[in-house]
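In our numbering, the protein residues as written are 274 to 700.
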Ligand SMILES: Cc1cc2nc3c(=O)[nH]c(=O)nc-3n(C[C@H](O)[C@H](O)[C@H](O)COP(=O)(O)OP(=O)(O)OC[C@H]3O[C@@H](n4cnc5c(N)ncnc54)[C@H](O)[C@@H]3O)c2cc1C
């Protein structure tokens, strides 16, 4: 049992026990070889195993080493760009399918937690918080839109109701989604990995895919082994590097930072978030926070374009905490960490097929806990020959970033700076 290969974080420090999973050292054959043991890879593996496929997962580091083991733990429904944007850019049938799927990821997570008895501190309830009248109007429009696609469970919160669920005076209202919620993200990934193995799936850690042999009979090479498979699923997201150059060209890894405070104690925690819901605001560069099971405040925010690690995370996040909760001025920060998500220009996921037998899903642009679980289901359905929902995602355009690999980081940072100024001044 070891967690020493994870970056230091509250999650690594409080992870459930997991077995050592030896590196691949031979040549093997299977039905599906999955590259990456984050939620995309693990969710795909589980759906495929449940359908009778043989599955091998290759993970460069450890299960949940990437964003899946480091994120804010917020079960946020829908996509990073919402259905209004999708409606404007795709046909009505594709928009209908994507709209109907927008809240499915959260259901999949709950089914997994319940079916495989995963201990990951699951709590119901997530709040989108509006800081300006413009953001509140947008939330109201989103709620109406989501209802139109069959998601009626959302509750509009006025300023008074908002103050009952979060002790922060900045918000003028919000939307409560009881099908949202929060989890200990690394323990969800570890529980899913155990479920994969309980169904006969094989996971090799410390087994980076270093080459994909394409063609009718594809194979994935690691430093010491090889997996020949009928299908390959590429699920390395922001940590994939240049293994698949076509994918690297149209996406950009970005860093975002999270901290965990010292345990606040039940009484103080109850005053901040009395119902224990998670909260994210509606800014372009958003803040998101929640309580952990032991009543630490887990607070995330900030984006580093190009995924460089910032020198002092506490300096970035502490002012955001104090702006929301001035009463925490003396609280200590026990853990601070960074992780990479994958940004796309449209902020919608990139899903598709390379040749006949290599599938991929990546780039949920910061809102991925639910989408990645849905992606696993959609990819597994496509491999079974039911590609309607896969095609709805695959039909979304994949745009290259302006400026190419060299200039995409400064150009995107400038764009984000412009949008955060708009948020700051409320226009
Ligand atoms: C700090 C942070 C906070 C976030 N907070 C939230 C949140 O609160 N709510 C939300 O909805 N979303 C959040 N997100 C986004 C969400 O976590 C991600 O969208 C999601 O976890 C991506 O899952 P994934 O499986 O696609 O990628 P990852 O979890 O990054 O997994 C990819 C895996 O592939 C492995 N890999 C890469 N290359 C190779 C290779 N060549 N061979 C083998 N293995 C390889 C990596 O080691 C990694 O384990 C956050 C992201 C970050 C970084």
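Where is the CB? At the ideal position from N, CA and C, for every residue including glycine.
Since we're looking at a predicted model, the values are computed, not measured.
Residue pairing for residue 625: DSSP places it in a beta bridge opposite 633.
When secondary structure is reduced to three states using DSSP, residue 363 falls in the coil class, being assigned neither helix nor strand. Judged by the Cβ position, residue 294 fails to qualify as a neighbour of ligand 1 at the 7 Å threshold, every heavy atom of the ligand being at least this far. Relative to ligand 1, even the nearest heavy atom lies 7 Å or more away from the CB of residue 317. Excluding the 5 residues flanking it on each side, residue 561 has same chain C-beta neighbours closer than 6 Å at 345, 347, 553, 573, in chain order.
Non-local C-beta neighbours of residue 432 in its own chain, meaning closer than 6 Å and more than five positions away in sequence, comprise 445, 446, ordered along the chain. For residue 609, there is no enclosing alpha helix (DSSP H); the enclosing beta strand (DSSP E) covers residues 606–616. Distances between the C-beta of residue 411 and the heavy atoms of ligand 1 are all 7 Å or more.
Within the DSSP bridge table, the entry for residue 526 names 615 as partners. In the three-state reduction of the DSSP assignment, residue 586 falls in the helix class, which pools H, G and I. In terms of Cβ geometry, residue 635 and residue 524 form a close pair [threshold 8 Å]. The beta carbon of residue 642 sits closer than 7 Å to at least one heavy atom of ligand 1.
Under the three-state reduction of DSSP output, residue 497 falls in the coil class, being neither helix nor strand. Here the C-alpha atom of residue 641 lies approximately 11 Å from the C-alpha atom of residue 311.
Annotated three-state conformation of residue 342 is helix, per DSSP.
According to the DSSP secondary-structure assignment, residue 396 is paired through a beta bridge with 455. In the DSSP assignment, residue 562 falls within the unbroken beta strand (DSSP E) covering 561–564.
The shortest C-alpha to C-alpha distance from residue 632 to any of 317, 434, 365 is the one to 317. In this model, residue 598 and residue 589 are separated by some 15 Å (Cα to Cα). In the DSSP annotation of this structure, the continuous segment of the beta strand (DSSP E) that includes residue 476 starts and ends at 475–477. Ligand 1 never approaches residue 325 closely enough for any of its heavy atoms to be under 7 Å from the residue's Cβ.
Within the region 403–470, the complete alpha helix (DSSP H) segments of 4 residues or longer fall at 406–421, 432–438, listed in chain order.
With contact defined as three or more Cβ pairs closer than 8 Å, the region 470–488 and the region 395–407 are not in contact. Residue nearest to residue 357 within the set 349, 375, 435, 286 is 375 (criterion: CA-CA distance).
Between residue 643 and residue 586, the alpha-carbon positions lie close to 26 Å from each other. According to DSSP, residue 329 shares a beta bridge with 306, 475.
Straight-line spacing of the CA atoms in residue 288 and residue 595 works out to 28 Å. About 4 Å separates the Cβ atoms of residue 465 and residue 315, confirming a contact at the 8 Å cut-off. Taking each of 294, 566, 505, 366 in turn and checking the Cα distance to residue 626, the smallest one comes out for 505. Residue 337 sits buried, since 16 or more C-beta atoms from the chains shown fall within 10 Å of its C-beta.
The C-alpha of residue 441 is placed about 13 Å away from the C-alpha of residue 541. Residue nearest to residue 522 within the set 674, 496, 461, 427 is 674 (criterion: CA-CA distance). Set against 7 Å, the gap from the CB of residue 565 to the closest heavy atom of ligand 1 is not smaller.
Short note on residue 385: C-beta not closer than 7 Å to any heavy atom of ligand 1. Proximity of the region 500–515 to the region 363–371 falls short of the contact definition, fewer than three beta-carbon pairs being nearer than 8 Å.
Around the CB of residue 302, fewer than 16 other CB atoms lie within 10 Å, so the residue is classed as exposed.
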